[in-house]
Amino acid sequence: LAKTTQPISMDSYEGQEVNITCSHNNIATNDYITWYQQFPSQGPRFIIQGYKTKVTNEVASLFIPADRKSSTLSLPRVSLSDTAVYYCLVGPKGSARQLTFGSGTQLTVLP
Amino acid sequence: EPEVTQTPSHQVTQMGQEVILRCVPISNHLYFYWYRQILGQKVEFLVSFYNNEISEKSEIFDDQFSVERPDGSNFTLKIRSTKLEDSAMYFCASPSDQSSYNEQFFGPGTRLTVL
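Here the protein sequences line up with chains A and B, keeping their order.
All letters in the first sequence, in the order written, are residues 1 to 111 by our numbering.
All letters in the second sequence, in the order written, are residues 1001 to 1115 by our numbering.
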């Protein structure tokens, strides 16, 4: 499994755009990049998944450069309720293997 | 959004007692997973269950743990003789569909406290 590296923590203010970058230098050809969000005492929640270029949904955007060795989760105009831990995961989409979570990035949104 | 449910939400037990944690995963799925998260630590994989059998298990999932699907809908995790270090949040999860195992729906979790 490709190892991922992301910042331990980030602070932001309400209304700002937040970009969380994840490094995955050893990503394999058939690996996808998936991001999860976790609030305290809740299970992780899928946010977005992509393979290359840009993916956007109602919650976030995911930017993946051509070499795919990193990815950036972009949260537009964050609010206090976006305070959570964000995890970057890398792995094949069609494999039923378990998810492997790292330590994630603790995002704190300040008023 | 599909929903995974878990009961109880909080379980307090004495060390050495047996506990059974219950999950109702997304119906019509063949794969189910159990994860745990000790307070302040990473989410860790425990076991995956496919077609009524254990598919894969981690080194955490020792002989004290077992999983069952007793009635075709519920999915249970049993800890035979709890230890203090079993105190954690336990989550079950189902993939969204069989083409995207990376997208898993997690239940709200059971907080297990071993005294």
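The beta-carbon is built from N, C-alpha and C at its ideal position, and this holds for glycine as well.
Within 7 angstroms, strictly: CB atoms of residue i and residue j
i	j	result
A/Q49	A/V85	no
A/L112	A/L99	The requested residue 112 of chain A is not part of the displayed model; chain A covers only 1 to 111.
B/V1114	B/L1084	yes
B/V1019	B/Q1011	yes
B/V1043	B/Y1035	yes
A/I27	A/A2	yes
A/S70	A/S23	yes
B/Y1031	B/P1095	yes
A/L73	A/L62	yes
Assigned secondary structure, residue i (DSSP; H/G/I helix, E/B strand, else coil)
i	result
A/S23	strand
B/E1085	helix
B/L1039	coil
A/D82	helix
B/T1076	strand
B/S1096	strand
A/Q42	coil
B/E1003	coil
B/H1010	strand
A/R97	coil
B/L1030	coil
A/T4	coil
B/Q1064	coil
A/M10	strand
Closer than 6 angstroms: residue i CB and nearest the ligand GDP heavy atom
i	result
A/Q98	Ligands in the displayed structure: none, and consequently the ligand GDP is not present.
Inter-residue CB distance, residue i and residue j (contact presumed, cutoff 8 angstroms)
i	j	result
A/V78	A/Q16	6 angstroms
B/E1056	A/T34	B/E1056 to A/T34, Cβ: 19 angstroms. No contact.
B/Q1064	B/I1054	Their Cβ separation, rounded to whole angstroms, is 14 angstroms, which puts B/Q1064 and B/I1054 out of contact at 8 angstroms.
A/V109	A/T83	5 angstroms
A/Y32	A/G91	7 angstroms
B/F1106	A/G102	16 angstroms between Cβ atoms; not a contact.
Element boundaries [beta strand (DSSP E), containing residue i]
i	result
B/R1022	V1019 to V1024
A/Q16	Premise fails: A/Q16 is in no beta strand (DSSP E) and is neither H nor E.
A/F63	S61 to I64
B/E1053	E1053 to K1057
A/Q106	T105 to L110
A/T56	T53 to T56
B/T1113	T1110 to V1114
A/T29	Neither: A/T29 is in no beta strand (DSSP E) and is coded neither H nor E.
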